[in-house]
Every structure is written in structure tokens, then in C-alpha cells.
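Taken in order, these protein sequences are the chains called A and B. All residue numbers for the first sequence refer to full-length UniProt numbering, where the first residue is 1 and numbers rise by one. All residue numbers for the second sequence refer to full-length UniProt numbering, where the first residue is 1 and numbers rise by one. Ideal placement from N, C-alpha and C gives every residue a C-beta, glycine not left out. Here is the structure we will look at.
Protein chains: 2
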Amino acid sequence: MPYVAPLKDMLFVLNELAGMEQVAQLPGCEDATAETVEAVLHEHGKFCSEVLAPLNRSGDVEPSFWHDGQVTTSKGFKEAFKAFGEAGWMGLPHPVEFGGQGLPKTVATPCIEMLNSANLSFALCPLLTDGAIEAFMTAGTEEQKNTYLENMISGKWTGTMNLTEPQAGSDLALVRTRAVSQGDGTFKIFGTKIFITYGEHDMAENIIHLVLARTPDAPEGVKGISLFIVPKFLINADGTLGARNDVQCVSLEHKLGIKASPTAVLQFGDHGGAIGTLVGEENRGLEYMFIMMNAARFGVGMQGVGIAERAYQKAAAFAKERVQSRDLAGSAGAVTIIHHPDVRRMLMTMRSQTEAARALAYVAAAASDVGHSHADEATRKENQAFYEYLVPIVKGWSTEMAIDVASNGVQVHGGMGFIEETGAAQYYRDARILAIYEGTTAIQANDLVGRKTARDGGAVANGIIAQVRYTHQQLAGSSNADLIAISKQLALAATALEQVVGYVVANVKSDIKGVFAGSVLYLKLAGIVLGGWQLGRAALIAQEKLQSGQGDASFYRAKIGTARFFADHILAQADAHRVAIIEGSAGVLALTEDQF
Amino acid sequence: MPYVAPLKDMLFVLNELAGMEQVAQLPGCEDATAETVEAVLHEHGKFCSEVLAPLNRSGDVEPSFWHDGQVTTSKGFKEAFKAFGEAGWMGLPHPVEFGGQGLPKTVATPCIEMLNSANLSFALCPLLTDGAIEAFMTAGTEEQKNTYLENMISGKWTGTMNLTEPQAGSDLALVRTRAVSQGDGTFKIFGTKIFITYGEHDMAENIIHLVLARTPDAPEGVKGISLFIVPKFLINADGTLGARNDVQCVSLEHKLGIKASPTAVLQFGDHGGAIGTLVGEENRGLEYMFIMMNAARFGVGMQGVGIAERAYQKAAAFAKERVQSRDLAGSAGAVTIIHHPDVRRMLMTMRSQTEAARALAYVAAAASDVGHSHADEATRKENQAFYEYLVPIVKGWSTEMAIDVASNGVQVHGGMGFIEETGAAQYYRDARILAIYEGTTAIQANDLVGRKTARDGGAVANGIIAQVRYTHQQLAGSSNADLIAISKQLALAATALEQVVGYVVANVKSDIKGVFAGSVLYLKLAGIVLGGWQLGRAALIAQEKLQSGQGDASFYRAKIGTARFFADHILAQADAHRVAIIEGSAGVLALTEDQF
Numbered sequence: 001m002p003y004v005a006p007l008k009d010m011l012f013v014l015n016e017l018a019g020m021e022q023v024a025q026l027p028g029c030e031d032a033t034a035e036t037v038e039a040v041l042h043e044h045g046k047f048c049s050e051v052l053a054p055l056n057r058s059g060d061v062e063p064s065f066w067h068d069g070q071v072t073t074s075k076g077f078k079e080a081f082k083a084f085g086e087a088g089w090m091g092l093p094h095p096v097e098f099g100g101q102g103l104p105k106t107v108a109t110p111c112i113e114m115l116n117s118a119n120l121s122f123a124l125c126p127l128l129t130d131g132a133i134e135a136f137m138t139a140g141t142e143e144q145k146n147t148y149l150e151n152m153i154s155g156k157w158t159g160t161m162n163l164t165e166p167q168a169g170s171d172l173a174l175v176r177t178r179a180v181s182q183g184d185g186t187f188k189i190f191g192t193k194i195f196i197t198y199g200e201h202d203m204a205e206n207i208i209h210l211v212l213a214r215t216p217d218a219p220e221g222v223k224g225i226s227l228f229i230v231p232k233f234l235i236n237a238d239g240t241l242g243a244r245n246d247v248q249c250v251s252l253e254h255k256l257g258i259k260a261s262p263t264a265v266l267q268f269g270d271h272g273g274a275i276g277t278l279v280g281e282e283n284r285g286l287e288y289m290f291i292m293m294n295a296a297r298f299g300v301g302m303q304g305v306g307i308a309e310r311a312y313q314k315a316a317a318f319a320k321e322r323v324q325s326r327d328l329a330g331s332a333g334a335v336t337i338i339h340h341p342d343v344r345r346m347l348m349t350m351r352s353q354t355e356a357a358r359a360l361a362y363v364a365a366a367a368s369d370v371g372h373s374h375a376d377e378a379t380r381k382e383n384q385a386f387y388e389y390l391v392p393i394v395k396g397w398s399t400e401m402a403i404d405v406a407s408n409g410v411q412v413h414g415g416m417g418f419i420e421e422t423g424a425a426q427y428y429r430d431a432r433i434l435a436i437y438e439g440t441t442a443i444q445a446n447d448l449v450g451r452k453t454a455r456d457g458g459a460v461a462n463g464i465i466a467q468v469r470y471t472h473q474q475l476a477g478s479s480n481a482d483l484i485a486i487s488k489q490l491a492l493a494a495t496a497l498e499q500v501v502g503y504v505v506a507n508v509k510s511d512i513k514g515v516f517a518g519s520v521l522y523l524k525l526a527g528i529v530l531g532g533w534q535l536g537r538a539a540l541i542a543q544e545k546l547q548s549g550q551g552d553a554s555f556y557r558a559k560i561g562t563a564r565f566f567a568d569h570i571l572a573q574a575d576a577h578r579v580a581i582i583e584g585s586a587g588v589l590a591l592t593e594d595q596f
Numbered sequence: 001m002p003y004v005a006p007l008k009d010m011l012f013v014l015n016e017l018a019g020m021e022q023v024a025q026l027p028g029c030e031d032a033t034a035e036t037v038e039a040v041l042h043e044h045g046k047f048c049s050e051v052l053a054p055l056n057r058s059g060d061v062e063p064s065f066w067h068d069g070q071v072t073t074s075k076g077f078k079e080a081f082k083a084f085g086e087a088g089w090m091g092l093p094h095p096v097e098f099g100g101q102g103l104p105k106t107v108a109t110p111c112i113e114m115l116n117s118a119n120l121s122f123a124l125c126p127l128l129t130d131g132a133i134e135a136f137m138t139a140g141t142e143e144q145k146n147t148y149l150e151n152m153i154s155g156k157w158t159g160t161m162n163l164t165e166p167q168a169g170s171d172l173a174l175v176r177t178r179a180v181s182q183g184d185g186t187f188k189i190f191g192t193k194i195f196i197t198y199g200e201h202d203m204a205e206n207i208i209h210l211v212l213a214r215t216p217d218a219p220e221g222v223k224g225i226s227l228f229i230v231p232k233f234l235i236n237a238d239g240t241l242g243a244r245n246d247v248q249c250v251s252l253e254h255k256l257g258i259k260a261s262p263t264a265v266l267q268f269g270d271h272g273g274a275i276g277t278l279v280g281e282e283n284r285g286l287e288y289m290f291i292m293m294n295a296a297r298f299g300v301g302m303q304g305v306g307i308a309e310r311a312y313q314k315a316a317a318f319a320k321e322r323v324q325s326r327d328l329a330g331s332a333g334a335v336t337i338i339h340h341p342d343v344r345r346m347l348m349t350m351r352s353q354t355e356a357a358r359a360l361a362y363v364a365a366a367a368s369d370v371g372h373s374h375a376d377e378a379t380r381k382e383n384q385a386f387y388e389y390l391v392p393i394v395k396g397w398s399t400e401m402a403i404d405v406a407s408n409g410v411q412v413h414g415g416m417g418f419i420e421e422t423g424a425a426q427y428y429r430d431a432r433i434l435a436i437y438e439g440t441t442a443i444q445a446n447d448l449v450g451r452k453t454a455r456d457g458g459a460v461a462n463g464i465i466a467q468v469r470y471t472h473q474q475l476a477g478s479s480n481a482d483l484i485a486i487s488k489q490l491a492l493a494a495t496a497l498e499q500v501v502g503y504v505v506a507n508v509k510s511d512i513k514g515v516f517a518g519s520v521l522y523l524k525l526a527g528i529v530l531g532g533w534q535l536g537r538a539a540l541i542a543q544e545k546l547q548s549g550q551g552d553a554s555f556y557r558a559k560i561g562t563a564r565f566f567a568d569h570i571l572a573q574a575d576a577h578r579v580a581i582i583e584g585s586a587g588v589l590a591l592t593e594d595q596f
């Protein structure tokens, strides 16, 4: 099944919803002209379609494998990663001074989506490397930056995030890996890390592990965690590779999906201690790790969009080919199944959620760029707060959505969907990890409730809801029946979200368990309201374009139809979430432990 | 992970909701006394836990395999099936005159659930054999019954259903397999059948294929399909096995789940023609196949309940063991994750839907028994109609629910859920087929809209809604706050369902595509309303028992809590379904084919 980048929708979202033009005016973003962006997306899409997409199914069938401490990745992955680095794709969003292209996040985001549509397992390697680069940029010394960045940005070396241990998954307070100072600026690292994505592989000359560990006198809990650089091969003063470090891959996991990507168990220090150097200050490791993690969380949200898009493309293509049963409205013989209303319903469920999540994520990416680079501080702050509110939603909602979309994709294929050769099942398996790694949906929801809503008394959330209401007013004033129907559901949904934000703020202290019983539902509610908001904005613009006779009328009509579907089928679920959150905690907490 | 049959809930549902006592008074059901039922369930549960559950994961890891036309099933399956037959479990619901135990469907249903909880792949073999037995009982001649039934009921031989062909999946009008009369009462069969569950295996001495095919002069479409018996080994006049018939297993499918169960491609007649005999009359094959299929559809619904129960048990056990993060309400150190509200929410989502679907299915089974055996014709008719309305819901809703529950089960396990060794991922993979085979959810929904709702102008549906309203009134009159809360959501949900039934009946002719655009949503709506109704009934009974001080108070309190959860979290979704059905068809049908 080929992958074709949805460039038309990507460019529509960038230009019409995310404000690409404004982003290109930010200091440092001047290179991101309309022409450049279109060319970059076009070329990247081509690379993804031609080089990476063909390796997706073969990588699933022949996963990477471990032998005697070495990991051999799936056929073609090594060559593809080399080509990826050489073409400059690894450096797309990274600083020019270290060999990157310095393009804004707004441009990198659709590229990340394409990468994940084409080959989720492959895409994890650059995703983790991006996170490590981000950590170096934030907390690394000049020496560390000079030592590592250029080779990571060129794709010569890759990066990993070493957080999880057998007893410490979501709860990093339980990390036990030890780091003992050698008095010479280096530390010896001892411990076991699990679930390390691309923790060992043959696609790069060196692997730069960023490892959470505790120094001997560190405080308990998360306040005693430091971040260390532990390269697979030590680096000589002249930049060449030195001795093999004492970090060993002892096994790979046998997983439900993303099988081509090696998920390693790493053993540090079994032969005297792995040599590491501190990043930033001692005991501030979690803070730095969150920098990597926030970038990675947004990236995982894009994995959701990417896999949803691919699953949709495959299902739509199958529905246009597969002949089965007569048309309900009457036909002589059997027709392609896209004629059947329930197949349409499934395809629209897939398409509308994918487009909504894409729009929300690109808008978030633009806010991140403005938040970083705008000349005006108030504008920066406002955009940064907007972006930070959206990160857990982009991560949590897009990934839960992707699981649902991939499942619908299997269903569209009927019995063929259950046969591995068809390929739809792989998306269903691959997508399942997205709501788990880089923080489960519940962890995202904790962030949304605690840091992003309760902390400011709902100020940012209510500010966004006011923007939703503005879009609702514009839609309500339209003469188009679809736009009016969208406005109706958007208004109801906005009210539901507003009530939930009020409930969260009012009760988070007095009834903390009751509020957190609805935390994931609040995240999902926010996702559908804000996704619906973006599709509402899209419908307004599409309607304007149609009225003025500009552009591709078929694309704009489809956009309005998709937004209409989302309103009646997805936005309409908002009030049920409100009920479950505000009235439903009693049921969540009703049973005693032994009653389970 | 061990499986423990939920006997307490099963017996509660049988005795308090399904009316086991009344079923035991039906002619022919007198053996099903309370003591017998309890003993049967206990023994069957033991067999499932001890013999079948331990083979579930090993069968997934080492699937059945094909070599040179022969299929070797997973280790232990052959011996387990022998023990299953010898213990009399294969004969549980089948006629005493052919060696069965003649127990009512109401008793067989929890047994089928246990079988599927323990080992879905294994359970498919008896499920298909049950269907074939049912077809013989309905349309077979005395000679056919005498030739086949005893050996099938003892488990010596097994049965299959041969419907699907590469071009004919949901659409049986496209069946091409040919049957040519030999003038001696036999036919020669030629054609290819795919997706044949247990189409070839080593667990029985003979395999009795029931095959849909066309005679040369048959009318086109579904009215020209006949049903044939094609045994793997021909049967001599004295009942011994004769020559190998001309049916060959040419390959097995490589599937997402249920890997231990062989899914065969069967080639009939490549060497001169497979010898078959007609079942019943020519061209009435689809009718007979529907008998098998209706039994099988209900059975697949029970597979949904079974896999959901198993996934729930596993997730609950993990949540009580896994230590991670502090209690939100404050604790010195990390606690088991069952303390965390969102884990509770997921477990309650799993548990409440499983219990609701179980209750609805057992109630349906009892109605089937009454519909078959009650002395009074009007009572029979009424119960049969009730049962037939429920079959597509039990099949469609329970299986969609099971996919959701299994996905939640993975999520409860966090990263461990994605690792195959844990076992949660197997349920997620296995469950995915349930909404596809024996008629996809859309096919069930077609049945619900067409034959079960539109045909009688919504009479049966509205009769059921009146019963829901009666339960609502009883709940509303309670002094228990939980019961009052349940009554509120039940009333709203009943109104939504009533409006949808009215909409379907009023518009199915004038706007057939619009109505069918919401068919699956109508099925899901009916599932949650009727499932919620049963949990409402259960809560009323639990409350009575608590007030009178009878029985296990903890069980009854948990039942009320579970019903309360279902009301606020699942029943509350009813109105969103109503909106999507009644207002949402425009969006479903908005795009032209080329816009996809």
C-alpha cells in the first residue's frame, strides 16, 4: 500500500489555520517562505513515500533482532537512515550553527507526521534523537554541544532517553540507577533500564544515551534525579570514537507492534561502571528530561495523526476497490463498498478525526514558534501558555483517536483486515503503543488537570473557550446550513468544556480523587472541542473560498462536509463526557479494592 | 494468568435476571434444577480453568500450522478436545437422543462464555460444530441425523461452515461454488472457500463441512444457493470411515489473532469433484445457513463477553499488584495502581460493560428457551421475537464492547501491556475478529434495522422500551441515591432510543441511505440502553437483598456501584448516538467518491 502525503490538507492547515505567514515573519524563521515550505513538504513527502513507506511492512514481518549483545535492524533501515541523514532531514528543525536547517516547528511538524505515516518504527529513531538534541541545547555546556550536536544533527550518531526501570514506569520517583562521581568530572553509572527505544542498533556509529540516575547523597524521590550522558562509545579529545562504554543491550522486547524498532533492556555498569558526564546541574535531571519529553510528547501526538492518516488512506483505497453487495438505493449488481453508508460512516469517522487532530497540532506548533521567537514578550507568553495547554491534548487525544481510527480501518476491510498480509492490522497493533509511551493518557491528563488547568484557575482554558465561542458566532452567522449545524454542536460542546473546567478548578482541592476520576475524559473532551473548533474555522474559510470562487472547490466542499460530520458525530459526544466527569466520579470510586 | 469463572455473577444473572427457575419449568428443561445448573457451571468452569486456559498463550505463540495439506493444531489442543468431548461438554445443549445432555440454552450460554474466556481459539471448534449440529437438527433427514449427529455430539467429528469465497464475503449472492447432481442422490462440488475456521485440523477423526454452492440451473443471487454436506472422509454404509473426499486445505491464513485456530483455504473438487449430499431442499441453503449463523452469531456475542471478562480479570489482578506513584489523597510511598482514579475508571469501564453484556445475553438465552418450549403459543411468539431482536445486539454490541475492553486492558498494564509476554495484548488481537466474522457489525445492524425494526413498524422495539421504562419507574421510586441517579440516565437513554426507533421506522423507505448511515449507531445505542436496563434491574434486586439482609452484601453493593458507573459513563452516551443518527446522515453522505 503506497503512502501519499496529504499535501493539500497540510498546506491548507499551515497557511489558513496555523498562520504560516506570521510564523515566517518571526526572527530566525525568515527562511520559511511559502515557496520553501511547499518545496520542503513536497520533497519530504517524496522521501517518505519512496524510501520509508516500502520498509514498513517488511520491518513488521522481519523485526530487528538481538544476537550476543548486537542488534541488527530490519532490512533496509540502515541504508534508509543514512539517506535520511545525508538528505538533511535529520537536521530540519535544528540549529544552523550545528549543521541543521533551522526551520520552525511549524514546518517540522508536517514532516514528522509524514515520517510516521510512512514508517512509525523508523520514525522513532529521529524522534528520540530530536529529544536528546533538545536536551543538549537547553542544558548542555558549550563543550557538550560541540562534542555531540553536529554528529547527531547529521544522523551520524543517534540519541536515546533512558527513564524507565522495571519498578519505575510512570513513577520516576522510583528510579534506582546509581551515578558515582569519579572526582574527575565523570561518573560511573550502574543500573538497568528497560523499554529503551533504539537503545541498541546498527544504524549509527554511536548512540548517545541520556540516562536518569541518582548520585549517592541525592534526596529521595524526583528531586534527587540527575541526567547523564552515557555514549555507547567514549569520545576521544579529537572527536574520534574511543573505547566501548560499559553499557550492554541484554535483550529486546517482543512487542505487539512497532516491531522493527528495537526496544532494548540496557544494563549499565556490569563491568566496572559505565562512564557518564552530568548534564546541567545535579538533581535537576527530571526538569531537563521534561524538555526532551515535552518535545517527544508532541512528536508522539504527531505519530497518532500520522498512523491515522495512513490507516485512512488504506481503508479508503480498499473501499473504492472491493465489490460487495448492491447499492441500498438500488443497483443491478454488486457495487464497491464505498457506496454503503456504514462504510462511509467509518471512513468519515477516520478522516474527520485525523483532520481535526492535524489542524490542532499544527496550530499548536505555530504557537510554539511564536512563543519562542516573537519580539513581543506578552505575545510570546500567551502563545507559550496556549501551546503548553495543548501539548497533553495533542499527545493524549491524537493517540487515543489513532487507536480508534486504526480499529475502524481494520473493520472497513472486513475479514481481510484480520489477515496480516493486508497490512491494516499492523496499524492497529502499531497504534496501540502511542497512548502508553512518553506518558500514558492518564499521565497527560494529570498534566492537563494539574499544571495546565488548576494552577492558573482555568485562565488559559477559559481564554481558549472564548476563542471557540468566537468561531461559533461566526459559524452561526453563516447562511450555509452545514455551518449553522456545526455552530450548534460547537456551542453545546464549548459549554460542556466550560462547565468541566469550572468543575475541575472548583473541586480539585476538596475532591481530588473525584476530579482525577474524570481527568482522561476531560482531556478527551478538550480534544474534541478544540479539534471541532479547528474544523469549524476550516469550514468558515472553505465557505469564503467557495463564495469568492478561489482555489479547489471540491477540496473546500469536502472540508465543509468533513467538519459537518465531525460536529454531529464527534462534537455531539461532548455532553456525555461532561456528565461522566461531573456526575460520574461516584461510580468510578464506588468499589472497594477487594470487590474488583 | 489464571482464569476463574465468575460464577457468582453468572448465577446471579441466571437466577435473578434471566428467570432460570421459569426456564427449568419448561417442557424438556426439567433437568435444569438450581442444583444441577450450579454443579454444571462449577464443573465447566473447572475444566476451562484447568485444561483450556493454560493453552491460551501457548497456542498464540505456537499457532496451528499447515504442512502438505495437513494441519497440526497447537500443542495440547488435540488432547484437550478429546477430554472436552469425553466429559460430555460438547453435548451440553444437544438432544439426549443423539447422546447430548439436552440442557437449555440458558445453561449452555454461561458455559460458552467460560470456554471463550479460557481459550477463544479452542472454543471456535465447538462453536462451529454446534452450528452444524443445529443445521442438521433443522433441515437434515433422519438418515443424515443418524449418520452424523452422534459422532458430532460426542466430539469424535467436528463441523464447519463454508460460506465465504474470495469475491463473496458479506455478500453471499456472489457465491460461485458449483454443485452438479450425479443422479444418484449425490452431488459433485467444485470451488474455493476461504476463511474456514477449523476447516482442517487433527483434533477429530472426521470433519463435516457444510458448504454453500449453486446447482447448474439455480436462480441468480441468494435465491439460488443450496446447502451441502461434504465430509472430509466419506462414510460407509456401516458408519465406518471410507475414502478421503476431494476437499483439500491448500493453506492457512496468517492472522492478527486467534492464531491457534486454523483458518483454512479449502479447495473442493480439484481431483474430479468432492462428493456431497444436499441438506433440505435445493435453493433454500441460505435459509438453513442462517439457522447455523443465528446460533453462531449469538455464540460470537458470548465470545465478546468471554474475552472481555478475561481481559478484565487480568487487568484487575495487575492493578492490585503493580506499585507505582503515591496515592492522590496522600501516602508516604508508592501504592498499587488500583488506588489511582483513572485506573479505577478503566477497570469500571471494563467491568460494567462486561456485566451489562453478560446480563443481556443470558436474558436473551432464556427468552430463546421460552420461545422454543413454552406451552403457550403467544408466550412463545413474544419471547422468540424478543430473542430475535436481541441477537444482532448481543452479537454486534458485545463484540464492539469487547474490543474496547481489551484495549483498556492493555492500557491498564501501561508499557507491560504492549509486551506480548504479558498476555494482555493477545486479548486485544483476538477480540478484533469478533466484530467481523459471522457478519460484521454493519451486517448485524442491517438485520436490526431491516428485519427486526422496520418490518414490524418498531412494535417489538417499542415493547422492549416500555419494559425499560417500567424499570426506570421502579428505580426512580427508590430512596437510594445511586438508584435514583441510574433512573435518570436510563430515562434519558430510553427516550433517545425511542426517538431513534421512530426515526428509523418513519424514514427507512423515504431516506434509506440516511437511515442506514446510522444503523451501527442504532445498534450500539440499543446495546447500551438494554445493557443499562439489565444493570438497572440488577441494582433493584441488589438493593432489595441488602435491605432484607440476604446473601453477600459486598457483592450486591458492588453490583449497585457498577450499575451506577454504567449509567453515568455509558448510558449517558445515548443522546450523542441519537444526534449522530437523526442529524448526522448529512455528514456521512456529504463527500463524493473521488473526494475520499
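8 Å Cβ cutoff, residue i in contact with chain B
i: Ser325(A); result: yes
i: Lys255(A); result: yes
i: Ser331(A); result: no
i: Gln595(A); result: yes
Cα-Cα separation between residue i and residue j, rounded to whole angstroms
i: Asn236(A); j: Phe98(A); result: 19 Å
i: Thr73(B); j: Pro216(A); result: 55 Å
i: Val211(B); j: Ala295(B); result: 17 Å
i: Val265(B); j: Thr495(A); result: 54 Å
i: Val51(B); j: Gly257(B); result: 21 Å
i: Ala39(B); j: Ala32(B); result: 10 Å
i: Glu150(A); j: Lys105(A); result: 19 Å
8 Å contact criterion, which residue i and residue j should meet: CB distance rounded
i: Cys29(A); j: Ser373(A); result: 6 Å
i: Ala332(A); j: Gln324(A); result: 15 Å between Cβ atoms; not a contact.
Minimum Cβ-Cβ distance from residue i to chain A less than 8 Å
i: Asp568(B); result: yes
i: Asp270(B); result: no
i: Val588(B); result: yes
i: Met197(B); result: Note on residue identity: the sequence assigns Thr, not Met, to residue 197(B). Closer than 8 Å: no.
From the options, residue whose alpha carbon lies closest to that of residue i
i: Ala459(A); options: Met416(A), Tyr389(A), Ser398(A) and Lys488(A); result: Tyr389(A)
i: Leu241(A); options: Glu253(A), Met302(A) and Thr147(A); result: Thr147(A)
i: Phe233(B); options: Val508(B), Leu227(B), Gln248(B) and Pro219(B); result: Gln248(B)
i: Leu286(B); options: Leu328(B), Arg345(B), Pro219(B) and Gly269(B); result: Pro219(B)
Kindly provide the ranges of any alpha helix (DSSP H) runs that are 4 or more residues long and lie completely inside the segment 337–408 of chain B, ordered along the chain. 341–373
3-residue-minimum beta strand (DSSP E) runs that sit fully inside the segment 122–177 of chain A, ordered along the chain: 157–162
Please specify which runs of the beta strand (DSSP E), each continuous and at least 3 residues long, are wholly inside the UniProt domain "Acyl-CoA oxidase/dehydrogenase middle" (161–269) of chain A, giving them in chain order. 178–181, 186–197, 206–213, 226–231, 233–235, 241–244, 247–252 and 263–268
Only counting runs of 4 or more residues, tell me where the alpha helix (DSSP H) segments fall wholly within the segment 74–109 of chain A, in order along the chain. Whole alpha helix (DSSP H) segments, 4+ residues: 77–86.
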